[in-house]
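The block underneath contains the structure these notes are about, expressed in structure tokens.
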Ligand code: SF4
Ligand code: SF4
């Protein structure tokens with residue numbers, strides 16, 4: 249291939265009018281072939297889908313191990329109970345997921361889309377079912393064109409029956425994370441869902457049925473908001489599925505063993521296009537419809553092996569690597585991914601700290617400001633603290649709330665027991681009195697301690713200030 253033709257190719261394929269953009273007017277029937285990236289997809293899907301479908305059946309003590317108890321306003325995660333007051337942990341979890349996604353995108357483009365996105369995974373399952381029921385891609389194209397007859401009705405009915413089973417299982421599993429999995433199945437079979445359960449069941453069912461059964465790659469191309477914003481996270485060092493046009497062009501058909509010096513390595517077999525789940529011809533350059541699933545790499549490697557050429561005509565690499573302007577270490581060692589990885593690590597550590605040092609009780613304190621202190625008739629100084637105490641244990645519990653830190657200090661709660669139900673938040677007013685003679689400064693540190701009577705190891709300390717007259 250001459251250098252003149254190479255530069256023509258770059259200009260031509262930097263022009264977006266050469267992208268393969270399926271506007272939904274053609275149905276993609278991708279071929280399925282075995283290969284390295286196909287196996288990776290299976291492994292990733294298994295590692296994500298099996299936990300999703302099976303986790304609700306795990307129990308922890310006498311309850312479901314993972315449960316979003318909306319009426320009880322708490323989230324169970326095995327031994328850990330997350331209350332609304334712990335929302336910071338959930339917020340950090342969401343931040344972690346987003347930034348991890350950004351980091352993955354900066355390093356490897358739409359790798360999440362091609363392997364881990366629910367839309368892609370369920371589409372893969374739905375098309376697998378389609379293949380079982382209606383045959384190979386070629387047979388499905390024929391079936392689409394065929395007039396309705398007994399065979400077409402039988403195949404379509406079988407496909408829709410299996411789709412219904414998959415989407416029902418998905419929807420019930422989703423509901424099971426909120427209502428309890430056995431209640432979710434029982435409620436469906438006995439038609440005893442409440443209105444919220446019916447709404448969520450139908451919404452999830454329809455969403456999966458339509459988006460992964462019919463709309464498919466159009467979601468990735470046009471609907472998904474993440475697909476719209478990812479361009480700002482990638483650069484010319486991001487690795488994507490790339491056709492090596494230096495090697496491949498000019499493309500042309502030939503037989504095995506037949507060498508033709510005027511042609512590149514691409515034998516124009518079109519297999520990379522026919523296996524693509526989004527209908528992209530990656531030889532036209534990197535484009536928005538490519539979800540980096542890698543199955544065209546499997547396809548092309550297979551062809552290269554058959555025609556006796558080196559594998560990797562299509563491979564994961566960055567634009568700079570393709571043009572010999574950088575080495576592979578730039579995939580990770582550049583500011584953008586390092587920045588995302590630093591935030592991801594910090595967020596992860598924050599989540600771990602939050603989960604493992606989460607207290608079973610909590611206290612919120614507001615010092616009365618008006619007045620800041622009161623001079624009592626017995627010549628003591630009184631400060632008032634408005635507190636909210638919270639029992640985040642799984643049972644009713646008794647507590648004491650004590651103040652300490654200044655000689656002669658007494659409070660209205662000395663010797664009193666505070667009883668709280670599980671999850672209960674209670675307002676408690678603490679009146680602390682100190683003999684005026686014991687106050688050496690205008691403000692002195694004071695410690696409020698909320699402690700469980702049943703288990704003194706469970707306590708929460710709050711540091712505050714005790715105010716008195718100016719000195
Ligand atoms: S072009 Fe290749 S990597 Fe991109 S979506 Fe199609 S098959 Fe997957
Ligand atoms: S699979 Fe490889 S050889 Fe066949 S058309 Fe695609 S790039 Fe060319």
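Residue numbers (this note's numbering): 249 to 719. Here a beta-carbon is modelled for each residue, glycine too, at the ideal position from N, C-alpha and C.
Rounded straight-line distance, which links the Cα of residue j to that of residue i
i: residue 494; j: residue 512; result: 8 Å
i: residue 599; j: residue 342; result: 10 Å
i: residue 437; j: residue 428; result: 15 Å
i: residue 607; j: residue 405; result: 55 Å
i: residue 692; j: residue 321; result: 38 Å
i: residue 299; j: residue 425; result: 12 Å
i: residue 695; j: residue 660; result: 15 Å
i: residue 635; j: residue 589; result: 40 Å
i: residue 402; j: residue 276; result: 22 Å
i: residue 307; j: residue 461; result: 33 Å
i: residue 563; j: residue 490; result: 6 Å
i: residue 620; j: residue 684; result: 15 Å
i: residue 643; j: residue 670; result: 5 Å
i: residue 501; j: residue 554; result: 13 Å
i: residue 717; j: residue 672; result: 37 Å
i: residue 432; j: residue 338; result: 24 Å
i: residue 649; j: residue 441; result: 44 Å
Sequence-distant residues of its chain with Cβ nearer than 7 Å to residue i (five each side left out)
i: residue 364; result: 292, 296
i: residue 679; result: 630, 632, 659, 660
i: residue 381; result: 403, 406, 407, 410
i: residue 318; result: 426
Residue i in three-state terms, based on DSSP
i: residue 525; result: coil
i: residue 713; result: strand
i: residue 614; result: strand
i: residue 317; result: strand
i: residue 624; result: coil
i: residue 276; result: coil
i: residue 250; result: Residue placement at residue 250 cannot be trusted, given a pLDDT of 37 that sits under 50; what the coordinates show is reported in the next sentence. Correct three-state label for residue 250: coil.
i: residue 644; result: coil
i: residue 659; result: strand
i: residue 633; result: strand
i: residue 417; result: helix
i: residue 609; result: strand
i: residue 460; result: helix
i: residue 700; result: strand
i: residue 287; result: helix
i: residue 498; result: coil
i: residue 580; result: coil
i: residue 510; result: coil
i: residue 652; result: strand
i: residue 473; result: helix
i: residue 384; result: coil
i: residue 537; result: coil
i: residue 450; result: helix
i: residue 544; result: helix
i: residue 407; result: helix
i: residue 281; result: coil
i: residue 719; result: coil
Cβ-based neighbour list, residue i, same chain, cut-off 6 Å, excluding 5 preceding and 5 following
i: residue 536; result: none
i: residue 387; result: none
i: residue 324; result: 315
i: residue 301; result: 421
i: residue 522; result: 279
Top-ranked residue by Cα proximity to residue i, from the options
i: residue 559; options: 278, 279, 277, 284; result: 284
i: residue 549; options: 526, 492, 594, 498; result: 492
i: residue 631; options: 597, 687, 673, 281; result: 687
i: residue 518; options: 496, 556, 617, 645; result: 496
i: residue 640; options: 289, 707, 361, 412; result: 707
i: residue 668; options: 396, 647, 679, 485; result: 647
i: residue 487; options: 290, 352, 703; result: 352
i: residue 628; options: 697, 715, 415, 376; result: 715
i: residue 544; options: 530, 557, 379, 690; result: 530
i: residue 617; options: 713, 592, 468; result: 713
i: residue 609; options: 551, 566, 565, 710; result: 710
i: residue 594; options: 417, 445, 344; result: 344
i: residue 770; options: 330, 394, 274; result: Any question about residue 770 goes unanswered here, given that the chain covers just 249 to 719.
i: residue 414; options: 379, 453, 423; result: 453
Beta-bridge partners of residue i, as assigned by DSSP
i: residue 367; result: The partner list for residue 367 (beta bridge, DSSP) is empty, contrary to what the question assumes.
i: residue 325; result: 314, 328
i: residue 565; result: 488
i: residue 680; result: 631, 659
i: residue 692; result: 714
i: residue 667; result: 646
i: residue 308; result: 311
i: residue 673; result: 638
i: residue 708; result: 698
Residues near residue i in its chain [Cβ-Cβ closer than 8 Å; skip 5 each side]
i: residue 355; result: 486, 487, 579, 580, 585
i: residue 263; result: Note that residue 263 has pLDDT 44, beneath the 50 cutoff, so the model's placement of it is unreliable and no number is given.
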